[in-house]
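If you read the sequences in order, they're chains A and B.
One point on numbering: in numbering that gives the first Met the number 0, the residue at position 20 of the first sequence is 19, and numbering is uninterrupted.
One point on numbering: in numbering that gives the first Met the number 0, the residue at position 144 of the second sequence is 143, and numbering is uninterrupted.
Even glycine gets a Cβ: it sits at the ideal position worked out from N, Cα and C.
There are 2 protein chains.
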Amino acid sequence: MKQINVKKGEILQKSGDLNSKVYKVNSGLLRSYTIDQKGKEHIFMFAPENWTIADSQSKETPCDLYIDALEDSSIVVLTKDIQREGKNVGAFIKRLSVLQKRVVMLMSFSAIERFEHFEQTYPEILQRVTQKMIASYLGITPEALSKIKRERIKKS
Amino acid sequence: MKQINVKKGEILQKSGDLNSKVYKVNSGLLRSYTIDQKGKEHIFMFAPENWTIADSQSKETPCDLYIDALEDSSIVVLTKDIQREGKNVGAFIKRLSVLQKRVVMLMSFSAIERFEHFEQTYPEILQRVTQKMIASYLGITPEALSKIKRERIKKS
DNA sequence: ACTGTGCATTAATGTAGGTTAAGAAATGCA
DNA sequence: TGCATTTCTTAACCTACATTAATGCACAGT
């Protein structure tokens with residue numbers, strides 16, 4: 000368990016890494032994401048202040064996610080063993096709940112519905128990241144997000 | 000904590016229910032799913048023998064998922080408190096890992112890739128449920144699944 | 001201050017998968 | 001055993017979103 004500072008753009012973990020860690024954000028903003036066969040990034044989650052971010056694989060398994068800093072950040076690095084010993088079951092359940100909603104939304108909501116849900120749920124993150132990042136989180140292209148927003152304004 | 004037997008088609012839990020339970024499957028097959036605004040079902044997960052299935056909301060929050068039986072089943076019903084006391088952190092982590100992969104796949108894989116991953120990961124479930132159910136789990140229509148399989152055969 | 005690189009927007013075109021419809025096969029139920 | 005319901009498949013058509021490409025901006029580095 001150590002405190003570190005990272006600069007915007009710094010990569011903390013890459014897909015395929017073993018013995019991946021758990022990162023607790025004190026200040027700043029991290030994200031986790033995958034890169035598909037075509038080289039396209041897909042953001043899995045954002046982690047602002049007081050969030051914890053990690054790949055959910057056991058530490059013996061190569062992880063799936065990249066983690067990097069979207070802003071200069073101050074974070075605490077924990078090993079997965081330490082995290083488990085903390086056995087804060089509530090935190091795991093909360094995360095499951097968020098992920099369950101994410102799956103449900105990806106399956107049953109349109110792009111605009113997912114965007115509006117994001118706006119309501121994470122308004123502060125919306126202000127801090129580019130549209131490109133939001134689009135990547137929503138599972139659409141920046142072009143599509145731009146179009147969606149334009150059409151929404153027209154209707155109002 | 001009680002043992003119960005349910006018939007195929009029986010509904011154990013509906014979206015909106017409070018104080019939702021945790022179901023451990025001894026034999027048979029359960030599924031959880033949502034129903035969207037258009038009345039369309041989206042399967043969240045299948046739970047065959049030795050799996051546990053539940054909505055990931057706290058028991059005070061209205062749950063999002065329906066749970067019903069796809070086969071006559073014998074199950075154990077637990078309260079969420081009991082599950083938490085078991086504090087089997089490993090089980091929660093495993094579930095997180097599965098869900099993380101699900102999100103990644105929904106975002107970055109095509110329908111055929113998701114189908115082939117399902118085939119490899121859950122071959123026994125493939126034999127036990129209809130194509131309609133598989134399609135619903137994959138996030139596509141039965142028509143699209145039928146088409147995809149046909150095209151795959153052509154190529155081989 | 002200049003310059004390059006990435007970001008946001010728009011528009012034209014492409015495509016995976018959705019919708020609708022209809023017939024054949026399988027399954028459940030009386 | 002017969003009837004009804006659901007499932008699977010095929011096919012024609014439709015739409016949400018992707019791709020490609022071009023333009024104007026913001027801002028980061030020198």
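Fill in: Neighbourhood of M104(B) by C-beta, 6 Å cutoff - its chain only, sequence neighbours within 5 removed
R113
Worksheet item: Quick one: what's S31(B) bridged to in DSSP?
Response: M44(B) and I66(B)
Fill in: Proximity of Y32(B) and I52(B) at Cβ, strictly below 8 Å
no
Worksheet item: Any contact of the stretch 51 to 66 of chain A with the stretch 5 to 18 of chain A, i.e. 3+ C-beta pairs under 8 Å?
Response: yes
Worksheet entry | Distance CB(I42(B))-CB(S145(B)) smaller than 8 Å | no
Worksheet item: Does G138(A) get closer than 8 Å to chain B when you measure Cβ to Cβ?
Response: yes
Practice prompt. Please check if any C-beta of chain A sits within less than 8 Å of the C-beta of H116(B).
Written response: no
Worksheet entry | Neighbour-count burial assignment, A90(B), 16 or more Cβ in a 10 Å radius | exposed
Worksheet item: Helix or strand or just coil, what does DSSP make of K23(B)?
Response: strand
Discussion item. I'd like to know whether the C-beta of I177(B) is nearer than 8 Å to at least one C-beta of chain A.
Written reply: In the structure displayed, chain B extends from 0 to 155; residue 177(B) sits before or after that span and is not available.
Item to complete: Report the rounded CA-to-CA distance for T140(A) versus Q56(A), giving the unit in angstroms.
Response: 28 Å
Worksheet item: So which residues on chain B does L95(A) lean against when the C-beta distance must stay under 8 Å?
Response: S55, F91, R94, L95 and L98
Item to complete: Can you grab the Cα-Cα spacing for the pair Q36(A) / K7(A), in whole Å?
Response: 25 Å
Worksheet item: Quick one, are the C-beta atoms of P47(B) and I133(B) less than 8 Å apart?
Response: no
Fill in: Partners in chain A for L17(B), counting only beta-carbon separations shorter than 7 Å
Correct list: empty, because the minimum Cβ distance to chain A is about 15 Å.
Fill in: Helix, strand or coil at S109(B) [DSSP, three-state]
coil
Item to complete: Enumerate in chain order the residues of its own chain whose CB-to-CB distance from Q130(A) is below 8 Å, with the five nearest sequence positions on each side excluded.
Response: P141, L144 and S145
Practice prompt. For my contact list, K148(A) and V76(A) are in at a C-beta cut-off of 8 Å; report their separation, rounded to the angstrom.
Written response: Going by Cβ atoms, the distance from K148(A) to V76(A) rounds to 37 Å, so no, they are not a contact pair.
Fill in: Reduced DSSP category for S55(B) - H, G, I as helix; E, B as strand; rest coil
coil
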